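See below for the structure under consideration.
In the working numbering, the protein residues as written are 147 to 357.
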């Protein structure tokens with residue numbers, strides 16, 4: 147049982163192309179089992195939700211009636227990224243289940259948009275927002291320990307900041323996308339050059355044969 151699909155490159159090399167298709171069913175079954183276990187835990191084992199107590203009236207008075215959670219720039223970035231990811235998913239899997247269309251064009255355009263959106267987000271977060279806020283610190287590590295204790299049903303103070311696992315997952319996803327973008331673009335460019343050479347060789351041979 148091979149967990150990877152392999153193919154021949156234009157240079158005759160045996161290279162991995164993607165994970166095996168049967169792993170899709172493994173992921174679906176695992177997700178369904180997680181749903182059942184999580185629902186059972188919430189129904190029969192989880193404790194009653196705890197909420198923070200009432201704060202100082204002075205602090206509450208300074209909070210506006212409408213608190214914006216995300217800026218327009220952040221919302222647009224996430225919508226563009228979501229649209230490009232869904233396009234990548236659909237153009238990758240629909241041809242495998244029998245839908246025939248010009249998926250390559252849409253696929254590489256969506257990949258380019260996703261790469262540019264990630265680069266924009268890195269620049270925006272680094273130079274226009276609080277750069278150090280995106281890096282985990284000792285408070286994040288402490289909060290991670292608190293979340294684990296509370297998940298296990300033990301007494302612990304509520305976390306103070308954003309979940310560290312979500313921060314690390316976002317950083318890992320950005321790095322993975324950027325690392326894949328360069329080699330993929332180089333491979334496409336080199337494959338195109340190889341195809342041009344093959345066509346030129348074929349045309350030269352056909353011309354010589356006619357002569």
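Backbone N, C-alpha and C fix where the C-beta goes; we use that ideal spot for every residue, glycine too.
All of these numbers come straight from a predicted model, not from anything done at the bench.
Report buried or exposed for residue i, applying the criterion of at least 16 other Cβ atoms within 10 angstroms of its Cβ.
i           : result
residue 289 : buried
residue 155 : exposed
residue 314 : exposed
residue 212 : exposed
residue 299 : exposed
residue 237 : buried
residue 333 : Caution applies to residue 333, whose pLDDT of 49 falls short of 50 and renders its modelled position unreliable; the model cannot decide the point.
residue 310 : buried
Whole-angstrom Cβ separation of residue i and residue j, contact assumed at under 8 angstroms?
i           : j           : result
residue 306 : residue 280 : Not really, about 16 angstroms apart at Cβ, beyond 8 angstroms.
residue 292 : residue 303 : 6 angstroms
residue 164 : residue 219 : With a Cβ gap of about 33 angstroms, residue 164 and residue 219 do not count as contacting.
First and last residue of the beta strand (DSSP E) that includes residue i?
i           : result
residue 152 : 150-154
Please list the terminal residues of the continuous alpha helix (DSSP H) segment that includes residue i.
i           : result
residue 161 : From DSSP, residue 161 is part of no alpha helix (DSSP H) but of the beta strand (DSSP E) over 160-165.
residue 171 : 168-190
Going by the CB atoms, is the gap between residue j and residue i shorter than 7 angstroms?
i           : j           : result
residue 259 : residue 230 : yes
residue 171 : residue 162 : no
residue 226 : residue 263 : yes
residue 267 : residue 223 : yes
residue 235 : residue 256 : no
residue 166 : residue 149 : yes
Next item on the list: Tell me the start and end of each unbroken alpha helix (DSSP H) in the region 274-302 that is at least 4 residues and wholly inside, in chain order.
Entry: 284-297
Margin query: Which complete beta strand (DSSP E) runs does the region 199-270 hold, if anything under 3 residues is left out?
Written below: none
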